[in-house]
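K.L.:
Here's a structure for you.
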Amino acid sequence: MRIAIYGRDFNDTVLPYVQEVFDHLAEQSIQPVLYSKFKTSLHGKIKLPSNTIIFHNHAELKDHADVLLSLGGDGTLLDTLSLIRNSGIPVIGINFGRLGFLASINKNEIGQALKALSNGEYTLDSRSLLTLESDNGLFGEENFALNDITIHRRDNSAMMIIHASMNGEFINSYWADGLIIATPTGSTAYSLSCGGPIIYPDSKNFVITPIAPHNLNVRPVVVPDGNTLSFEVEARESKFLVSCDSRTVTVERSVKISIKKADFCINLIRLNNETYLNTLRNKLLWGIDTRNY
Numbered sequence: 027m028r029i030a031i032y033g034r035d036f037n038d039t040v041l042p043y044v045q046e047v048f049d050h051l052a053e054q055s056i057q058p059v060l061y062s063k064f065k066t067s068l069h070g071k072i073k074l075p076s077n078t079i080i081f082h083n084h085a086e087l088k089d090h091a092d093v094l095l096s097l098g099g100d101g102t103l104l105d106t107l108s109l110i111r112n113s114g115i116p117v118i119g120i121n122f123g124r125l126g127f128l129a130s131i132n133k134n135e136i137g138q139a140l141k142a143l144s145n146g147e148y149t150l151d152s153r154s155l156l157t158l159e160s161d162n163g164l165f166g167e168e169n170f171a172l173n174d175i176t177i178h179r180r181d182n183s184a185m186m187i188i189h190a191s192m193n194g195e196f197i198n199s200y201w202a203d204g205l206i207i208a209t210p211t212g213s214t215a216y217s218l219s220c221g222g223p224i225i226y227p228d229s230k231n232f233v234i235t236p237i238a239p240h241n242l243n244v245r246p247v248v249v250p251d252g253n254t255l256s257f258e259v260e261a262r263e264s265k266f267l268v269s270c271d272s273r274t275v276t277v278e279r280s281v282k283i284s285i286k287k288a289d290f291c292i293n294l295i296r297l298n299n300e301t302y303l304n305t306l307r308n309k310l311l312w313g314i315d316t317r318n319y
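Quick note: to get this note's numbering, add 26 to the position in the sequence shown (first position is 1).
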């Protein structure tokens, strides 16, 4: 079995947990396939198994790993999409960050989690993605998002007007700081903080959530994921920002954008003792009297 390892730069406090990951892989005769930039950041800090091999990009990862293990928070796991793409390689995250909806393994459960992976004691949770199309090819081949695609104003600009349509039919003009188009996976991320609903992962829909709307009668809208959404921006500033998960570009106001469901999915690994509702309860403290904390 080969497990690809991806991570970002860490502070030294989590290095013992990173070492624990490689130690457990060696104990279970699992070959690590380590991302080259991550290897550079670990140089001189971690002892790697002698059979570790290195990969540099999506092409080198494809067909050379059974699982991709993300070390970090949800943002780190989202970074792995540019490496996985449509390869079908399942991904699981060990949470070194804060909330951890996607990176669901606690850093104190590394040994049990890797043993479960080795024994095949997990299920695959298929998650839909969004893909963005534009007349100037924004984001190139990485024009997809697992959580959300966001249109928002630049830091120094005034409120913008976003004209939204679905399958060519006008929906609304949003006077707001921006607009979030989120998948069910992303419904617990930025969209949730802006008042959007929590959507069950296999619901087959998207949610359109305005960011600080000026017209207060506007609310998030849930739409079936078989539709194509299109957007045009009107604003005082000549440029605005578009984000695919954590990747952001500056866009000319004249650029038109369309968003639809991607033609591939990402497989998240769910260990057999996990459920989506269990994750919600743990992360959002449902059923707990928070007055005791």
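C-beta atoms are modelled at their ideal positions from N, C-alpha and C, and glycine is treated no differently.
If you're wondering where the values come from, they're calculated on a predicted model, not measured in any experiment.
Taking Cβ to Cβ, would you say residue 202 is nearer than 7 Å to residue 246?
P.N.:
Result no, Cβ atoms of residue 202 and residue 246 do not sit closer than 7 Å.
K.L.:
Taking 7 Å as the threshold (C-beta atoms), are residue 113 and residue 168 in contact?
P.N.:
No, these two residues do not count as a Cβ contact at 7 Å.
K.L.:
Which residue spans inside the stretch 271–316 form an unbroken beta strand (DSSP E) run of at least 3?
P.N.:
Listed in chain order, they are 273–278 and 283–297.
K.L.:
Along the chain, where does the beta strand (DSSP E) containing residue 248 start, and where does it finish?
P.N.:
Here the beta strand (DSSP E) through residue 248 covers 247–250.
K.L.:
Can residue 175 and residue 285 be called in contact, C-beta distance under 7 Å?
P.N.:
Taking 7 Å as the Cβ cut-off, residue 175 and residue 285 qualify as a contacting pair.
K.L.:
Give the DSSP bridge partners of residue 233, in chain order.
P.N.:
Beta-bridge pairing links residue 233 to 208 and 248.
K.L.:
Using a Cβ distance threshold of 8 Å, determine whether the stretch 184–200 contacts the stretch 244–259, with at least three qualifying pairs required.
P.N.:
Because the criterion of three Cβ pairs below 8 Å is met, the stretch 184–200 and the stretch 244–259 touch.
K.L.:
Would you mind working out which of 283, 209 and 98 sits nearest residue 248, comparing C-alpha positions?
P.N.:
With distances taken between Cα atoms, residue 248 lies closest to 209.
K.L.:
For residue 48, which option in 95, 82 and 39 has the closest C-alpha, if you only look at C-alpha atoms?
P.N.:
When each option's Cα is compared against that of residue 48, the closest is 95.
K.L.:
Rounded to whole angstroms, what's the CA-CA distance from residue 279 to residue 38? Just pull it up for me.
P.N.:
So the two alpha carbons sit approximately 43 Å from each other.
K.L.:
Return the CA-CA distance between residue 134 and residue 236, expressed in angstroms with no decimal places.
P.N.:
Answer to the nearest angstrom: the Cα atoms are 38 Å apart.
K.L.:
For residue 38, which of helix, strand or coil comes out of DSSP?
P.N.:
It is helical.
K.L.:
Taking the alpha-carbon of residue 300 as reference, which of 318, 97, 82 and 150 has the nearest alpha-carbon?
P.N.:
Taking only the C-alpha atoms, the option nearest residue 300 is 150.
K.L.:
Distance, Cα to Cα, residue 270 vs residue 68?
P.N.:
When rounded, the distance between both Cα atoms is 28 Å.
K.L.:
Considering only residues of the stretch 59–101, which uninterrupted alpha helix (DSSP H) runs meet the minimum length of 4 residues and lie entirely inside it, listed in chain order?
P.N.:
Taking only runs of at least 4 residues, the alpha helix (DSSP H) segments lying wholly in the stretch 59–101 are 62–68 and 84–87.
K.L.:
If you draw a straight line from the C-alpha of residue 61 to the C-alpha of residue 142, how long is it?
P.N.:
Approximately 23 Å, taken between the alpha carbons.
K.L.:
Taking only the alpha-carbon atoms, compute the straight-line gap between residue 172 and residue 217 and give it to the nearest angstrom.
P.N.:
If you take the alpha carbons of residue 172 and residue 217, they lie about 13 Å apart.
K.L.:
According to DSSP, simplified to helix, strand and coil, what is residue 132?
P.N.:
DSSP places residue 132 in strand when its eight states are reduced to three.
K.L.:
Please list the terminal residues of the continuous alpha helix (DSSP H) segment that includes residue 219.
P.N.:
Start and end: 216–219.
K.L.:
Under a three-way DSSP split, which group does residue 125 fall into?
P.N.:
Reduced to three states, the DSSP call for residue 125 is coil.
K.L.:
If I'm right that residue 234 touches residue 205 with Cβ under 8 Å, what's the distance once you round it to whole angstroms?
P.N.:
Residue 234 to residue 205, Cβ: 7 Å. Contact.
K.L.:
When DSSP builds the beta bridges, which residues end up paired with residue 141?
P.N.:
In the DSSP output, where bridge partners are listed per residue, residue 141 has none listed.
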